[in-house]
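The sequence shown maps to residues 1 to 462 in full-length UniProt numbering.
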Amino acid sequence: MLKKLFQSFRPPVPGPHHRRTTPEVINKSQHSLQRHQFSRHAVNIVERLQSAGYQAYLVGGCVRDLMLGITPKDFDVATSATPEQVRAEFRNARIIGRRFKLVHVHFGREIIEVATFRAHHSEDDQGDSHRSSHNASGRILRDNVYGTLEEDAQRRDFTINALYYDPVSERILDYANGVHDIRNRLLRLIGDPTHRYQEDPVRMLRAVRFAAKLDFGIEKHTVQPVRELAPLLREIPPARLFEESLKLFLSGQGAIAFEMLVDLQLFEPLFPASAHALDERPTYTHTLISQALHNTDLRVKQGKPVTPAFLFAALLWPALPARVLHLQAQGVPPIPAMNGAAHDLIAEQCARIAIPRRFTLPIREIWDMQERLPRRSGKRADVLLDNPRFRAGYDFLLLRESAGEETDELGQWWTDYQDANDSERREMIRELGSRDEGSSAGPRKRKRSGGKRKRGGDEAFE
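Put into structure tokens, the structure is as follows:
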């Protein structure tokens with residue numbers, strides 16, 4: 001599967017020193033796009049800006065996705081108007097961002113993003129820190145250098161994102177052979193890949209995301225420098241990496257994205273502790289994370305709700321047991337050892353990916369349930385069953401078992417306990433006896449009470 005994603009086919013494309021200054025114009029009769037497929041608010045913005053004397057086009061993902069028969073999630077506009085000029089045209093507009101100024105035009109719940117044409121940075125621009133700045137490795141820190149349509153096309157990351165649709169003339173302007181690459185299902189960077197990744201290392205993650213989402217191959221020159229430049233991701237602000245990780249893993253193609261991240265050595269800069277666990281226990285770690293992502297992909301395809309908490313709990317879990325055992329070896333009781341190890345692991349991870357507190361708390365609760373679920377004697381089982389995190393903890397237990405973790409059929413016991421009536425539950429507790437008190441051992445094998453084993457309730461994801 002991965003081999004398919006890394007292609008060697010490379011037709012001629014204008015290089016960084018031989019940029020196309022005139023686009024290939026694809027007329028209405030030569031493409032399948034129709035203006036009614038686009039957001040009417042986005043079309044209205046383009047028409048109003050053009051009427052005011054500015055250039056304006058629908059651009060990027062919405063054009064690409066509609067050409068592929070995919071319904072776009074949002075609609076972006078590119079224009080020659082500055083952010084201030086756009087705001088002057090629309091009372092419902094707001095300028096956002098400092099590193100990269102944009103305008104959001106609000107239409108109820110729909111927000112149309114409007115960006116001014118960008119240009120390549122010159123030495124003169126570098127002298128104005130309000131417009132342009134880079135760090136020592138070449139990463140762009142501020143990007144408010146405005147330019148022409150032609151320059152904007154060359155500043156875009158991938159050829160398939162450098163397509164401009166004019167809803168007035170219904171023409172597509174293609175400056176980088178993007179239509180050709182869409183037809184050949186090929187992802188290709190515009191310009192020199194090393195330089196473009198140094199400008200913004202997140203482009204490496206975007207390459208993985210687009211390839212996985214669109215089932216595109218990655219052109220060989222685009223993929224070649226990724227492994228060497230992967231450590232540059234450590235310089236990216238953790239909050240930005242959180243947003244990128246959600247796009248990677250909650251797009252419906254998270255499992256293949258994970259495989260690509262590992263293959264391209266991009267997983268370690270994002271999840272260092274989990275990458276170490278992948279080296280130490282490759283089969284178990286890979287199976288658990290892959291299964292969690294396959295389950296998430298299925299829910300996305302079925303239109304069911306998903307939450308990052310359960311997924312991040314799975315992504316980090318393989319790094320946790322060794323830390324818990326280390327603390328227990330120092331005399332720390334099991335539950336405090338779990339709490340201490342979980343706190344340290346999440347703190348370390350948040351230094352790379354800023355997981356918000358609204359997700360870190362349920363992550364810790366899901367993990368805590370793994371230590372509590374084996375403790376079922378007396379009234380503990382009923383108390384756990386009433387715990388609001390029981391379903392997520394139970395589903396996580398089943399995930400661990402599916403990865404090959406030995407729990408002495410603990411998951412089956414809890415499946416049966418949920419199906420049992422009150423008297424059957426009391427008998428199950430009596431069968432445990434004193435041997436189960438304070439241990440992680442499961443019960444003696446018991447004949448199932450009937451019904452199919454439950455796999456992954458919705459509560460784990462809501």
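Ideal Cβ placement from N, Cα and C applies to all residues, glycine included. As the structure is a prediction and not an experimental result, all values here were calculated from the model.
Pair within 8 Å by beta-carbon distance, residue 349 and residue 249:
no
Taking DSSP as the reference, what is the three-state secondary structure of residue 393?
helix
Assuming residue 316 contacts residue 347 (C-beta within less than 8 Å), just tell me the rounded distance between them.
About 11 Å separates the two Cβ atoms, so there is no contact after all.
How about residue 207 and residue 222: do their beta carbons lie closer than 8 Å?
yes
Just how far apart, CA to CA, sit residue 191 and residue 165?
22 Å
DSSP state of residue 117 mapped onto helix, strand, coil
coil
Classify residue 267 as helix, strand or coil using the three-state DSSP reduction.
helix
In whole angstroms, what separates the C-alpha of residue 114 from that of residue 251?
24 Å
Under a three-way DSSP split, which group does residue 217 fall into?
strand
From the DSSP output, in three-state form, read off residue 298 for me.
helix
In terms of residue numbering, what span does the alpha helix (DSSP H) encompassing residue 197 cover?
193-199
Pick from 292, 74, 369, 283: whose alpha carbon is nearest that of residue 109?
74
Please classify residue 283 as buried or exposed, where buried requires at least 16 other C-beta atoms within 10 Å of its C-beta.
exposed
Three or more C-beta pairs closer than 8 Å, one from the segment 323-335 and one from the segment 209-224: is that the case here?
no
Using only CA atoms, which one of 70, 96, 308 lies nearest to residue 82?
96
Supposed close pair residue 151, residue 117 - CB separation, criterion 8 Å:
7 Å
Rounding to the nearest angstrom, what Cα-Cα distance links residue 155 and residue 32 in this structure?
26 Å
Kindly indicate which three-state DSSP category residue 226 falls into: helix, strand or coil?
helix
Skipping 5 residues on each side, what residues in its chain have a beta carbon closer than 6 Å to that of residue 130?
Residue confidence is low: residue 130 scores 44 on pLDDT, short of 50, so the model does not pin down where it sits. No coordinate-derived value is stated.
Below 8 Å, can you find three or more Cβ-Cβ pairs linking the segment 280-300 to the segment 364-383?
no
Buried or exposed for residue 98, please, with buried defined as at least 16 other CB atoms from any protein chain shown within 10 angstroms of its CB.
exposed
Just list the residues that DSSP pairs residue 56 with in beta bridges.
79
Assign residue 34 to one of two classes, buried (16 or more other C-beta atoms within 10 Å of its C-beta) or exposed (fewer than that).
exposed
heavy atom of the ligand FAD below 7 Å from residue 22 C-beta:
The ligand FAD is not part of this structure, which contains no ligands at all.
Beta strand (DSSP E) segment containing residue 70, residue limits
Looking at the DSSP string, residue 70 is not in any beta strand (DSSP E), and its letter there is neither H nor E.
Indicate whether the contact test is met: 3 or more Cβ pairs, each with one atom in the segment 192-204 and one in the segment 229-243, closer than 8 Å.
yes
Measuring CB to CB, does residue 467 end up less than 8 Å from residue 79?
Past the edges of the chain, shown from 1 to 462, lies residue 467, and the structure says nothing about it.
Could you tell me how far apart the beta carbons of residue 171 and residue 27 are, in whole angstroms, since I believe they sit closer than 8 Å?
6 Å
Per the DSSP calculation, residue 158 is bridged to which residue(s)?
189
Please report the distance separating the alpha-carbon of residue 246 from that of residue 259.
16 Å
Skipping 5 residues on each side, what residues in its chain have a beta carbon closer than 7 Å to that of residue 293?
249, 254, 255, 258
So the candidates are 36, 145, 417, 174; which of them puts its Cα closest to the Cα of residue 158?
174
Enumerate in chain order the residues of its own chain whose CB-to-CB distance from residue 215 is below 6 Å, with the five nearest sequence positions on each side excluded.
none
Buried versus exposed call for residue 268 [16 or more other C-beta atoms within 10 Å across all chains shown]
buried
Quickly, what does DSSP pair residue 107 with across the bridge? List them, please.
110
Please report how far the alpha carbon of residue 288 lies from the alpha carbon of residue 343, in whole angstroms.
21 Å
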